[in-house]
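This report concerns only the one structure given below.
Number of protein chains: 2
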Amino acid sequence: NRYIAVRHHVEGSPSVDDFEVKTEAVRWTPESGEVLVRNMYVSIDPYQLNRMKRQSASHHSVDVIVPGEVIFVVHRRPTDGEPAVIINAAAFCGCVCVQRIASYGAGEVVASACEEYKEGDVVAGMLAWEEYSVFRPASVLLMSKVDTSSGFPLSYQLGVLGTSGMTAYGGFYEVCKPQAGEKVFVSAASGSVGSLVGQFAKLAGCHVVGCAGTQAKVDMLKDKLGFDDAFNYKDEPDLKAALKRRFPDGIDIYFENVGGEMLEAALANMNTYGRVAVCGVIAEYTDPGRRAVPDLLEVIYKRITLRGFFAWDFIARFHEFTAIIGGWIEEGKVQVVEDVSDGLESVPSAFVALYRGENVGKKLVKLA
Amino acid sequence: NRYIAVRHHVEGSPSVDDFEVKTEAVRWTPESGEVLVRNMYVSIDPYQLNRMKRQSASHHSVDVIVPGEVIFVVHRRPTDGEPAVIINAAAFCGCVCVQRIASYGAGEVVASACEEYKEGDVVAGMLAWEEYSVFRPASVLLMSKVDTSSGFPLSYQLGVLGTSGMTAYGGFYEVCKPQAGEKVFVSAASGSVGSLVGQFAKLAGCHVVGCAGTQAKVDMLKDKLGFDDAFNYKDEPDLKAALKRRFPDGIDIYFENVGGEMLEAALANMNTYGRVAVCGVIAEYTDPGRRAVPDLLEVIYKRITLRGFFAWDFIARFHEFTAIIGGWIEEGKVQVVEDVSDGLESVPSAFVALYRGENVGKKLVKLA
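Protein chains in written order, with our numbering: chain A, 16 to 383; chain B, 16 to 383.
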């Protein structure tokens with residue numbers, strides 16, 4: 016088994032030198048009770064960087080990747096009556112993550128020591144950046160058998176029908192609670208989540224404006240994904256003014272993927288009772304000096320709600336959400352944008368590219 | 016009629032020189048349809064400063080005090096089905112606020128040009144920093160006749176049974192949604208709102224810690240108001256560590272009155288699904304350079320909700336809230352802390368004192 020390891024804690028922007036490909040024997044045995052999967056696709060997501068840092072607020076709730084050891088910090092376990100929410104990614108990853116980067120993925124069962132899974136089954140769920148992963152069915156919360164007759168490419172299971180879809184659907188419908196006619200702003204709108212949120216917002220009857228970092232992405236948002244408007248934030252020296260021009264009646268919902276000045280500008284343009292779904296803050300992941308300094312008077316006087324969330328908050332409704340999204344894809348109402356690299360060796364460069372804004376849509380690596 | 020006027024926009028910390036006492040003829044006429052009130056108490060509140068600034072996010076939703084003119088910015092009017100929420104303070108103030116500072120107050124009707132109110136009625140509601148105010152009943156949303164047989168001092172109508180009580184009750188029960196056993200942190204805990212929130216939290220079965228700026232206030236929180244613990248933030252060079260010591264199991268609810276570093280420290284100590292009720296940020300009112308720089312990764316990974324609100328959001332339930340609070344006072348479950356200055360001339364110094372942390376509990380000025 017070849018896998019991607021982090022050489023050391025990653026601080027600031029990641030580089031390919033932070034990673035290396037290592038080799039080990041495949042860990043599965045018939046007595047293990049585990050399922051061995053040959054991974055076919057793994058997902059590349061910005062949030063993974065936080066787990067590679069020496070210190071990060073993410074360490075409260077997900078496992079930390081530490082060269083040579085694993086720290087499990089379980090902050091609060093769900094109690095009865097709470098939705099089945101994952102506090103600790105390691106708990107559902109199911110694999111021991113020493114130097115290994117957990118990742119959503121899809122693959123084929125090549126050996127199974129439990130009844131539920133058979134050789135040849137195609138599965139999608141929490142795996143890792145490696146060629147072969149093992150999981151223990153009882154300790155895995157998100158692992159689905161893929162219906163290969165559905166007609167969807169397998170890669171969709173990682174993005175639009177996987178965590179990206181769950182994040183976008185749950186974040187938009189459950190956190191933002193949109194109403195028809197509301198004005199929605201999406202940052203990093205050409206990314207895996209943003210590209211879906213904008214399309215969901217149109218389906219909800221909202222007016223949607225997105226921002227992205229190249230003209231090609233801006234064109235895609237308007238021409239292919241149906242955004243009402245889009246702009247290149249790099250062309251805008253004054254983000255507040257840029258949003259004011261595009262939202263003369265104010266923003267009701269801001270789907271936050273970026274942080275920093277973008278959040279400040281959005282708050283300044285929000286309407287009373289505005290909602291901010293804090294999904295990600297990619298601009299702050301690599302540089303705490305770029306953190307947003309929000310004007311809390313905006314929050315008070317406009318009674319704005321900011322709410323942090325992540326995909327796992329909606330895990331109990333995963334199949335409900337993905338069934339709806341799947342229907343929309345079949346009806347042609349949702350376009351899927353993917354950006355696929357090839358081979359395990361390309362994982363580090365694919366990951367680094369996320370932070371350079373080089374991906375368009377969901378970033379994946381095809382392994383087999 | 017003598018009234019307090021602002022000489023010019025106030026930026027930074029207010030000083031008594033920013034204000035002057037002016038005199039005018041009483042404006043009431045029998046044809047006006049208005050009610051003339053001789054004010055007996057007026058309220059002194061930190062938020063009033065925001066309305067005196069040249070620029071402030073508060074100007075989105077409440078009237079701005081501008082020497083020589085009034086700017087009305089109505090951002091979004093409530094629509095059917097929404098609670099009766101005040102967007103523009105001028106709309107319920109009912110008086111034209113040129114150079115005049117709207118304030119909650121209580122007084123006696125001395126002349127009335129409408130059926131509802133009679134000479135001798137005692138009323139409490141939105142008045143102004145002046146000896147005589149007029150209001151037009153149809154355009155006033157918060158004006159109540161006071162039941163003088165209730166046994167409560169009239170001053171209570173401005174604080175615990177007025178906007179401070181409504182803010183504390185609505186902010187704690189509706190925004191924070193406490194559950195018994197949860198850990199609650201209250202900043203500016205000896206102030207008009209904070210002192211009530213802490214007591215309400217104890218009544219809700221929570222563990223409550225407050226902070227304040229003098230040892231005398233800290234002692235009062237613990238000895239008189241029943242806080243489980245309290246500390247003087249001026250004695251703590253490291254607020255994160257100070258909160259960590261007092262909340263070894265983390266904070267579930269933070270009732271925010273301060274902003275700046277206090278919010279950063281609270282977020283770092285919050286638990287998963289923590290809630291922050293953003294009531295006020297007094298540290299930021301006088302110095303935008305002290306704004307909080309929150310770590311949004313805390314917000315995302317711990318799925319924290321921050322929600323801005325103010326008293327008027329709960330106006331439809333004002334009488335419900337104050338009846339409950341009144342019952343608690345009668346049963347001795349809630350202690351009332353007031354800080355009363357005397358005479359219209361003392362209004363500026365009373366207001367300035369708020370920003371020096373010199374008040375203990377609800378700050379009022381007794382006029383007559």
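Ideal Cβ placement from N, Cα and C applies to all residues, glycine included.
query                                                                                                                     : result
Runs of beta strand (DSSP E) lying entirely within the segment 37-73 of chain B, each at least 3 residues, in chain order : 50-58
V161 (chain B) versus B:G120, B:H24, B:N284 and B:D238, residue with shortest Cα-Cα distance                              : B:G120
D78 (chain A) at chain B interface by Cβ criterion, 8 Å                                                                   : For D78 (chain A), the pLDDT reaches just 49, beneath the cut-off of 50, and the residue's location in the model is therefore unreliable, leaving the point undetermined.
As assigned by DSSP and simplified to three states, the class of Y316 (chain B)                                           : helix
Selection from B:T320, B:G376, B:E146 and B:C129 that minimises the alpha carbon distance to P152 (chain B)               : B:C129
Neighbour list for G295 (chain A) in chain B, Cβ cutoff strictly below 8 Å                                                : I315
Exposure of G295 (chain B), with buried meaning 16 or more beta-carbon neighbours within 10 Å                             : buried
Length of the line joining the Cα atoms of F240 (chain A) and K232 (chain A)                                              : Inspection of the sequence shows that residue 240 (chain A) is occupied by Leu rather than by Phe. Each residue's alpha carbon lies about 10 Å from the other.
Those residues which DSSP pairs with V138 (chain A) across a bridge                                                       : A:G122 and A:K160
Proximity test, Cβ basis, 8 Å: A326 (chain B) and chain A                                                                 : no
Contact set between E299 (chain B) and chain A, taken where Cβ atoms lie within less than 9 Å                             : D310, L311 and L312
Local Cβ density within 10 Å of Q70 (chain A), reported as buried at 16 or more and exposed below that                    : exposed
Pair within 8 Å by beta-carbon distance, E39 (chain B) and R22 (chain B)                                                  : no
Members of the segment 177-197 of chain A near chain B, C-beta cut-off 8 Å                                                : none
Closer than 8 Å to chain B by CB, L384 (chain A)                                                                          : No answer is possible for residue 384 (chain A): the residues shown for chain A start at 16 and end at 383.
CB-CB length for M5 (chain B) against E123 (chain B), believed under 8 Å                                                  : No answer is possible for residue 5 (chain B): it lies beyond the span of chain B, which begins at 16 and ends at 383.
S356 (chain A), enclosing beta strand (DSSP E) - first and last residue                                                   : E353 to D357
Cβ-Cβ separation, A204 (chain A) to S210 (chain A) (assumed contact under 8 Å), whole Å                                   : 7 Å
Beta-carbon gap between V201 (chain A) and C221 (chain A) smaller than 8 Å                                                : no
Cutoff 8 Å: S71 (chain A) Cβ touching any chain B Cβ                                                                      : yes
Other residues of its chain near S170 (chain A): CB distance less than 7 Å, five sequence neighbours each side excluded   : Y56, E353, V355 and L379
Within-8 Å CB hit, I319 (chain B) to chain A                                                                              : yes
Backbone secondary structure at Y188 (chain A) - three-state DSSP                                                         : helix
For Y269 (chain B) and V25 (chain B), the rounded distance between their alpha carbons                                    : 30 Å
Of the residues A:G206, A:Q172, A:R318 and A:K237, the one placed nearest D267 (chain A), counting alpha carbons only     : A:R318
Rounded distance between the beta-carbons of I340 (chain B) and Y188 (chain B), thought under 8 Å                         : Actually they do not touch by this definition, with Cβ atoms about 11 Å apart.
Interface positions of the segment 49-73 of chain B facing chain A (Cβ-Cβ less than 7 Å), listed along the chain          : N65, S71, A72 and S73
Contacts that A139 (chain A) makes with chain B (C-beta to C-beta distance below 7 Å)                                     : Residues of chain B passing the Cβ test: none, with the nearest at roughly 24 Å.
Stretch pair the segment 306-313 of chain A + the segment 303-323 of chain B: three plus CB contacts closer than 8 Å      : yes
Presumed contact (8 Å Cβ cut-off) between A280 (chain B) and K249 (chain B), rounded CB distance                          : A280 (chain B) to K249 (chain B), Cβ: 14 Å. No contact.
Cross-strand partners of H222 (chain B) (DSSP beta bridge)                                                                : B:K198
N- and C-terminal bounds of the beta strand (DSSP E) containing T337 (chain A)                                            : Taken as a continuous stretch (DSSP letters only), T337 (chain A) belongs to no beta strand (DSSP E), being part of the alpha helix (DSSP H) at F333 to E345.
Straight-line Cα distance separating M181 (chain A) from F333 (chain A)                                                   : 6 Å
Supposed close pair L64 (chain B), Y300 (chain B) - CB separation, criterion 8 Å                                          : 5 Å
8 Å contact criterion, which G265 (chain B) and A245 (chain B) should meet: CB distance rounded                           : Incorrect: roughly 18 Å between the Cβ atoms, too far for contact.
Proximity test, Cβ basis, 8 Å: R305 (chain A) and chain B                                                                 : no
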